[in-house]
Amino acid sequence: DIRDIWERASARETASRVMAGAVAKRLLSELGIKIISFTRAIGSVRLDRDVDINDEDIEILIDESPVRCPDREISEDMVRLIDEAKERGDTLGGIFEVVALNVPPGIGTYTHWDRRLDGLIAQAIMSIPSVKGVEIGKGFYSAENFGSKVLDVIKYDRAHSPWPFYRETNFAGGIEGGMTNGEPVVVRGAVKPIPTLGEPLPSIDLVTKEETKAAVLRSDVCIVPSAGVIAEAMLAWVLADKILEEFGGNTLEEIKTRFFRYVDYVRSL
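One gets this note's numbering by counting positions in the sequence shown from 1 and adding 4 to each.
Here it is, written out as structure tokens:
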């Protein structure tokens, strides 16, 4: 009986992360950094178009959807697929996307492999139960194309907001060389279907070593929308930790003073 061990992969374990992440998100909001997540895919139903995360109504659209998908039609298709899986006693996985806006360039480091920002983010997202893959930017799409098609061209415009140096595209997902580049930090997580099926698969009794059916437990059909919320907390925690490491300070005002002095410097380049 391994049900007591299952608690380490339960919503109760991740609830503490969301609570801690809420504190990190509050700190980041004081620095003008915003983190949003949404559901990109559930099973075979996928939102393929780019999402304008700067749209002032985007959070309303996400919160109105029972699966946290900003496209109403796709959201309805996702719900129908979940209902179908529930009737069959099955489960579904999918993909969530989490985005951090207004992160200044230069957060992270290129010098140490174990302190690179993309590595830290990948570890944090992969630590969420049932997450089996992490993508930063359009990493897998980039792997299938020529460099000339997916490398982000650098531009300069003193009047450009928020930074004078910017990229025309964001295939890199806001991180290059282990550091932020000023573009939105975009991370996707692939979530496998959870194993607690209503119609259980064959298993083995660990005592008798004989074939049996897996236990039937009360559980969700799809955890992708919830995993996106957890990912918000994990990304917020990693970003807040790196910002505190780089700027320091014993009070919020001290942190803000140092941070915005750096922001002003970057904008003056």
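From the three backbone atoms N, C-alpha and C, an ideal C-beta is built for every residue, glycine too.
As the crow flies, the alpha-carbon of residue 193 is around 34 Å from that of residue 269.
Under DSSP, residue 139 shares a beta bridge with 192.
Each residue's CA atom was taken as its position, placing residue 250 and residue 244 some 10 Å apart. Per the coordinates, the alpha-carbon of residue 33 lies some 31 Å from the alpha-carbon of residue 97. Among the bridge pairs identified by DSSP, residue 101 is matched with 42 and 192. Here residue 235 is not near residue 28, since their CB atoms are 8 Å or more apart. The segment 174-183 and the segment 136-146 touch, with no fewer than 3 CB-CB distances between them shorter than 8 Å. Around the beta carbon of residue 79, 16 or more other beta carbons lie within 10 angstroms, which makes this residue buried. Cβ neighbours of residue 158 within its own chain (closer than 8 Å, five residues either side excluded): 169, 170 and 171.
A contact is defined here as three or more CB-CB pairs under 8 Å, and the segment 259-267 fails this definition with respect to the segment 82-100.
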